[in-house]
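Residue numbering for the first sequence follows numbering that gives the first Met the number 0, beginning at 0 and increasing consecutively.
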Amino acid sequence: MTDTPQQLAAAYQPGDVEHRRYEHWLASGYFGADAKSDRAAFSIVIPPPNVTGSLHVGHALDHTIQDALIRRKRMQGFETLWLPGMDHAGIATQNVVERRLAAEGLSRHDLRREKFVERVWQWKAESGGAILGQMKRLGDSVDWSRERFTMDEGLSRAVLTMFKRLFEDGLIYRAERIINWCPRCLTALSDIEVEHSDDEGELVSIRYSDDIVVATTRAETMLGDTAVAVHPDDERYKHLVGTEVELPLTGRRIPVVADEHVDPAFGTGCVKVTPAHDPNDFEIGQRHGLPSITMMDERAVITVHGPFQGLDRYEARPAVVAALREMGLIVSEKRPYVHAVGHCSRCKTTVEPRLSLQWFVKTEPLARAAGDAVRDGRVRIEPESLAPRYFSWVDNMHDWCISRQLWWGHRIPVWYGPGGEVVCVGPDEQPPSGEGWQQDEDVLDTWFSSALWPFSTLGWPDETEDLAKFYPTSVLVTGYDILFFWVARMMMFGLYAMEGRQPFDVVALHGMVRDQYGKKMSKSFGNVVDPLDWIDRFGADATRFTLAKGANPGADVPVSEEWCQGSRNFCNKLWNATRFALMNGATVEGGLPTELSTVDRWILSRLQQTIAEVDEQFEAYEFAKVCDTLFHFAWDDVCDWYVELSKAAPSPRVLGHVLDQLLRLLHPVIPFVTDELWCALTRSDASVMVADWPAVDPSYVDDAAEASIERLQRVVTEVRRFRSDQGLKPGQRVAATVSGIDEHEALVRSLARLDEPGEGFAASATVTIAGGVVVALDTRGAIDVAAERARLTKDRAVAEKEITQARAKLGNEGFLSKAPADVVAKLRGRLATAEADIARIDDALARLSS
RNA sequence: GGGCGCGUAGCUCAGCGGAAGAGCAUUCGCCUUACAAGCGAAGGGUCGCAAGUUCGAACCUUGCCGCGCCCA
């Protein structure tokens, strides 16, 4: 399995490595969690993707973050569990299977319920299998032995148990209420399954009487009006309250009622009241004891009043308006009139508020507990700035409609008897048998089972070892868009079912993946990224690194193909650095030598700093910063400087150690390439994923070495700049004397490509650097005086500006008396340096003129 | 209408009280034997606008302008 140095290809080819590595991890059992272990637990349950979908780039982001957290904790010695699974996605999945049936010319009713559900299970196997394959391509280190599905036997037991408990506690009830109804899916929806958008409609004002004009965007619903309402304090209408008006077209007489809810400033201050087709009107109806007239069927087709009967709601609207216009009752019409309209989140059909008998969860006590758990700090939302969104949801939650008129899902465990009995049947209980008993036809909202996910997947309601070891889970990683869809519901159910113990300690929220211009990805816009496409072309590591590099807490994550190429390049950089190291005898054997050069002490010190920063950033869920820190340490410090310096002064054991540690640090984010390289470097046939996470060794922190190498870097950079300005080719060696850099002269010569002065050496230009370093170069006569003058003049301007600023501040009494001493001292130092620079530069300019 | 957030280099974003940063893009020069998926160097910003607090503001406060998102 281990590559020898000779076999390391000239460039990293992810395709050769990824599959082999993943199979090796699986075969070695590295992903498995042991509930009997003595180690401290760290657990994450995966936000279950819809079984009927496929993984998009947003999942790839979500999984990358979770995998990074899990892999680091595993290396830190925790007993880690990352539990995978999927949810059954009631409406979405049923829709997909119905579409497939339609292609065969069948409807679900042709198959009947039982056969239809069989077909859905077939589709589940097919679609779900594809998702598992995608997760493996991403490198997800999930415990496959614990994979769960919301419809599997154990989770179904959990659903029944929960339903029964809530039912018996009076937290589940059945009632006739206005609910969101999708006339296409033919099912109820919860509030959160409705998406609002500002759509163009019309605002029509209709005269109901001499005194009363109402404005409405839904003229057709006037057929179901049972009252007109005005504000009780509205002087214009006070005298009409208690009277009746004749409802046009129908001839019905309806009362005028006074209700606080009416906004007297909107329109005429009179509103029509249609209790069966509007949630606000329903409440007005309740308060005033008004009748409810349902005037549409479940497909939103008009069922009342002859001329309009049989018309769809959109046909009925113009028909009603035309009829009213003919009667001279239309006062005004405004088109387009933009207003908020609700749409089914699954099929985008305009939602119809509908009076209907449904099951509800009484959320008030559950939601308050869910809010309190965050308020009192038992659950932390990261980043904290998103907590207000959470509170605004849990503190204003409406009762949750949980019944769905679908066939795919957990059937409501309630049986109705011939005498009107209602019996809730728990798991292991026999439903009542005999003549006339019937089970409720509906199924439960998918989110009902998803809300149990953090504990149902661990075996609840049984008291399992998994539950004891891994609950509460350590962190939940998900997008902020799902904070109330799912997070709030898990909190409610978790706290309730687990005796007040929260489902997770931390909620780490990330944003949505967007394109490189910050635009939302959409099929119609053509900017959607398929993570598998990127994995094929750039590798899983590059894809993961690109996503993680953009993941600032709670913020959206822009990505682009170019950036993914950059990540691919980074992987290749690591590959080649390791290749170089192996070709030059780098090794981890024998540990670090006791005798260390300044350069060695510098890189080891930088390594300690990097470990400390990465640890801190990981703990704060700052994945973008983790990537940034490691990227710069790897590329700038290790590759650009340490490897280059080591060419002049090889130090194979230090180089081996630094790469070993670097690969460990990077492994959580880019697992494949780091494992391949680490195994090659350490001659291991195991894996870096079970190696120890690096720890800071304070004895290797060395400020003096860091300062020394920074000085060296400045000298080398200045000489390079001179060379570039003078048009000297990078490869061209130049004779020079170097003074004032003591122990580093050989290194400066190596990196700046300077030869020892030989016979007939004649310096034609001098580069001086603050701190007394002087490099005198023999450029073989021709020196570009203009370029050199320009360079020096620019440096002088920088120094002048510095002096001006520093003197202004240091001449300010307020600054001297109030600023901290160290700030003043630093500024004095800067001023002195700048003044010395000016002298040095002026000297050089003078010599240039002579 | 209510709430939250954001306006910093051409693009995407860090920085959030004491010298304006990164990646990509741009310009110039290089196949300097780990890497052209690379190396070296350079250019580029009145930190949305305006007041205020402070010795000192991209950073704190207020107002305005522009842009998102969530909830009604």
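All residues carry an ideal CB built from backbone N, CA and C; glycine is no exception.
These numbers were taken from a predicted model, which means no experiment stands behind them.
Residue interval of the beta strand (DSSP E) (run including residue i)
i, result
"residue 648", "That residue, residue 648, is in no beta strand (DSSP E); it is neither H nor E in DSSP."
"residue 200", "193-206"
"residue 351", "351-360"
"residue 257", "252-257"
"residue 342", "329-343"
"residue 478", "472-478"
"residue 776", "772-777"
"residue 851", "Because the chain in this structure spans residues 0 to 849, residue 851 falls outside the shown range and cannot be described."
"residue 379", "379-381"
"residue 415", "413-415"
Where the alpha helix (DSSP H) through residue i begins and ends
i, result
"residue 243", "First-last for residue 243: 243-245, but that is the beta strand (DSSP E), not the alpha helix (DSSP H)."
"residue 146", "Counting along the chain, residue 146 falls outside any alpha helix (DSSP H), and DSSP gives it neither H nor E."
"residue 179", "Careful: residue 179 lies outside any alpha helix (DSSP H), inside the beta strand (DSSP E) at 171-181."
"residue 101", "89-102"
"residue 630", "622-631"
Sub-8 Å separation of residue i and residue j beta-carbons
i, j, result
"residue 739", "residue 771", "yes"
"residue 379", "residue 480", "no"
"residue 805", "residue 790", "no"
"residue 403", "residue 438", "no"
"residue 543", "residue 482", "no"
"residue 320", "residue 198", "no"
"residue 138", "residue 21", "yes"
"residue 13", "residue 493", "no"
"residue 454", "residue 496", "yes"
"residue 585", "residue 651", "yes"
"residue 385", "residue 553", "yes"
"residue 787", "residue 764", "yes"
"residue 200", "residue 338", "yes"
"residue 154", "residue 412", "no"
"residue 850", "residue 34", "As displayed, the chain neither begins before 0 nor continues past 849, which places residue 850 out of reach and without an answer."
Integer-rounded CB distance, given that residue j should sit under 8 Å from residue i
i, j, result
"residue 426", "residue 156", "5 Å"
"residue 511", "residue 519", "7 Å"
"residue 629", "residue 664", "6 Å"
"residue 566", "residue 541", "4 Å"
"residue 626", "residue 668", "6 Å"
"residue 202", "residue 333", "4 Å"
"residue 648", "residue 707", "In fact, because the Cβ distance is near 14 Å, the residues do not count as touching under 8 Å."
"residue 746", "residue 711", "6 Å"
"residue 562", "residue 116", "At roughly 44 Å, the Cβ-Cβ gap does not stay under 8 Å, so residue 562 and residue 116 are not in contact."
Contacting residues, own chain, Cβ-Cβ under 8 Å from residue i (five flanking each side not counted)
i, result
"residue 302", "293, 294, 295, 296 and 308"
"residue 4", "Any reading at residue 4 must be qualified, since the residue scores a pLDDT of 44, below 50, and its modelled position is unreliable; no value is offered."
"residue 77", "38, 39, 40 and 41"
"residue 449", "47, 86, 149, 485, 488 and 489"
"residue 527", "55, 56, 520 and 521"
"residue 576", "633, 637, 638, 642 and 658"
"residue 618", "none"
Neighbourhood of residue i by C-beta distance below 6 Å, restricted to the same chain and skipping five residues each side
i, result
"residue 236", "229"
"residue 856", "Coverage of the chain is limited to positions 0 through 849, which leaves residue 856 absent and any answer about it impossible."
"residue 0", "Low per-residue confidence applies at residue 0: pLDDT is 40, beneath 50, and the placement is therefore not dependable enough to give any value."
"residue 846", "none"
"residue 632", "609"
"residue 801", "833"
"residue 774", "718, 735, 737 and 766"
"residue 17", "539 and 671"
Cβ-based neighbour list, residue i, same chain, cut-off 7 Å, excluding 5 preceding and 5 following
i, result
"residue 832", "769"
"residue 324", "none"
task: Specify whether the region 277-290 and the region 208-227 touch according to this definition: at least 3 beta carbon pairs, one from each stretch, less than 8 Å apart.
output: The region 277-290, when compared against the region 208-227, does touch it at the 8 Å Cβ threshold.
- prompt: So, do the region 47-57 and the region 82-100 have three or more beta carbon pairs nearer to each other than 8 Å?
  reply: yes
query: Is there contact between the region 212-220 and the region 303-323, where contact requires at least three CB pairs shorter than 8 Å?
result: yes
message: Under 8 Å, with one C-beta from each stretch per pair, do the region 135-145 and the region 19-29 reach the 3-pair mark?
response: yes
field: Any 3 or more C-beta pairs closer than 8 Å across the region 263-270 and the region 208-217
entry: Verdict: yes, contact present.
- prompt: If we count Cβ pairs, one from each stretch, closer than 8 Å, do we get three or more for the region 170-180 versus the region 714-725?
  reply: no
- prompt: Do the region 235-249 and the region 201-212 make contact, defined as three or more Cβ pairs closer than 8 Å?
  reply: yes
- request: Count the CB pairs spanning the region 746-754 and the region 802-820 that are closer than 8 Å, and state whether there are at least three.
  value: no
- request: May I ask you to verify whether the region 101-116 touches the region 358-373, counting CB pairs closer than 8 Å and requiring at least 3?
  value: No contact exists between the region 101-116 and the region 358-373.
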